[in-house]
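Sequential numbering of the sequence shown, starting at 1, is according to full-length UniProt numbering. Following: one structure in structure tokens, then a few remarks.
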Amino acid sequence: RPEFALPINRDIIAEMATKIEDEDLKITSGYGDRYVISRGGLSFCSYYGKLYHKDISKEPLAIYDRIDIVYELKNLPIIVCYSGVYHKSGDIHGRLRKIYLQKNPLILKSYNELAKIAWKSRFALMCHNWKLLGKYFKENTRIMNEIMKETGFKYGIGLVNNILIKIIEDNPDVYAAKLTGAGGGGSVFALVNPNQIDTVLSYWDNKLNEIINDKDVFSSIFPSYPVEITNSLKNTQFYQIKIDRNGVKKL
1 RPEFALPINR DIIAEMATKI EDEDLKITSG YGDRYVISRG GLSFCSYYGK
51 LYHKDISKEP LAIYDRIDIV YELKNLPIIV CYSGVYHKSG DIHGRLRKIY
101 LQKNPLILKS YNELAKIAWK SRFALMCHNW KLLGKYFKEN TRIMNEIMKE
151 TGFKYGIGLV NNILIKIIED NPDVYAAKLT GAGGGGSVFA LVNPNQIDTV
201 LSYWDNKLNE IINDKDVFSS IFPSYPVEIT NSLKNTQFYQ IKIDRNGVKK
251 L
């Protein structure tokens with residue numbers, strides 16, 4: 001308990017939500033989603049000093065720096081693809097957190113690299129340089145696959161996720177495709193040429209149907225992946241969305 005009375009505001013709500021997940025629901029998660037929900041907008045966050053999830057006021061609050069207004073980011077050119085594969089983020093976060101706290105050298109090195117990518121990406125966003133941002137996203141995906149494999153996940157960020165990323169990344173109007181959450185399922189998104197969103201969405205859908213309907217094509221692209229995974233891919237859904245200062249809206 002804090003040593004003094006705390007007002008109920010957006011930061012405290014984010015902190016309380018995280019504590020409820022930690023202690024009551026027994027879900028391993030971070031502060032990021034809670035702060036984004038409570039504060040809103042596109043932001044860069046620092047969780048310095050919050051590794052051990054101490055009681056409120058016993059550790060720093062997150063530093064939430066909202067950038068969409070300052071950098072005049074009116075919309076982000078992305079397409080979201082829901083894999084149709086259900087997963088529990090807490091199951092993945094729990095294993096990652098455990099190996100991180102054990103100070104695994106590869107894990108620590110990888111997260112330091114991810115931290116560098118994060119601050120570099122801020123300059124790309126500032127300049128609305130989607131190609132450069134895509135370069136950083138690709139590096140993020142590579143590192144996350146290594147982290148997940150080191151943690152014991154055979155297929156890194158997940159079979160379905162890697163398939164959905166692979167089939168679209170060679171399109172010249174796709175700057176990167178990236179995992180949105182913990183991995184093992186859930187969604188990925190593609191950062192694309194703002195003038196080719198509809199074209200890329202159709203391309204992605206067509207490429208997916210090709211590997212679902214032609215097992216030889218699938219095996220030629222993914223020789224080490226089980227063909228049976230194509231059954232899960234049949235539940236995939238694509239969404240063109242608008243992300244602006246008012247939030248997220250499906251178009």
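All residues carry an ideal CB built from backbone N, CA and C; glycine is no exception.
Taking all protein chains shown into account, PHE189 has 16 or more neighbouring C-beta atoms within 10 Å of its C-beta and is therefore buried. Scanning its chain for C-beta atoms nearer than 7 Å, with the 5 sequence neighbours on each side dropped, one finds around LYS207 the residues ILE167 and ILE168, in chain order.
Restricting attention to alpha helix (DSSP H) runs no shorter than 4 residues, the segment 84-165 encloses them at 89-101, 105-126 and 130-151, ordered along the chain. Secondary structure note for SER219: its alpha helix (DSSP H) is the uninterrupted segment 215-221.
Secondary structure of LEU76 (DSSP, three-state): coil. In the DSSP assignment, LEU233 falls within the unbroken alpha helix (DSSP H) covering 230-233. Given a length threshold of 3 residues, each whole run of the beta strand (DSSP E) inside the UniProt domain "GHMP kinase C-terminal" (163-208) is given here in chain order: 174-179 and 187-192. ASP24 carries a helical assignment under DSSP once its states are collapsed to helix, strand and coil.
Under the 10 Å beta carbon count, TRP204 is surrounded by 16 or more other beta carbons and is classified as buried. Apart from the 5 residues on each side of it in sequence, TYR82 sits with its Cβ closer than 6 Å to the Cβ of SER187 and GLN237 in its chain, given in chain order. Bounds of the alpha helix (DSSP H) holding TYR35 are 32-39. Annotated three-state conformation of VAL227 is helix, per DSSP.
TYR71 has its alpha-carbon roughly 25 Å from the corresponding atom of TYR239.
Per DSSP, ILE69 is not a residue of any beta strand (DSSP E), being assigned neither H nor E. Look at LYS19 here: in three-state DSSP terms it is helix.
In the DSSP assignment, no residue is bridged to PHE4. Boundaries of the beta strand (DSSP E) around ASP244: 237-244. When Cβ pairs closer than 8 Å are counted between the two stretches, the segment 107-124 is seen not to touch the segment 22-41, the count staying below three. Residue environment for GLY49: exposed (fewer than 16 other C-beta atoms within 10 angstroms of its C-beta). In this structure, SER46 keeps its C-beta atom at 8 Å or more from the C-beta atom of HIS93.
Look at ILE63 here: in three-state DSSP terms it is strand. The way I'd put it, the segment 194-201 doesn't touch the segment 134-152; fewer than three beta-carbon pairs between them come closer than 8 Å. Its Cα nearest to that of LYS74, the residue GLY41 stands out among GLY41, ALA177 and LEU251. In the same chain as VAL248, and ignoring 5 residues on each side of it, the C-beta atoms closer than 8 Å to its own belong to ILE241 and LYS242, in chain order.
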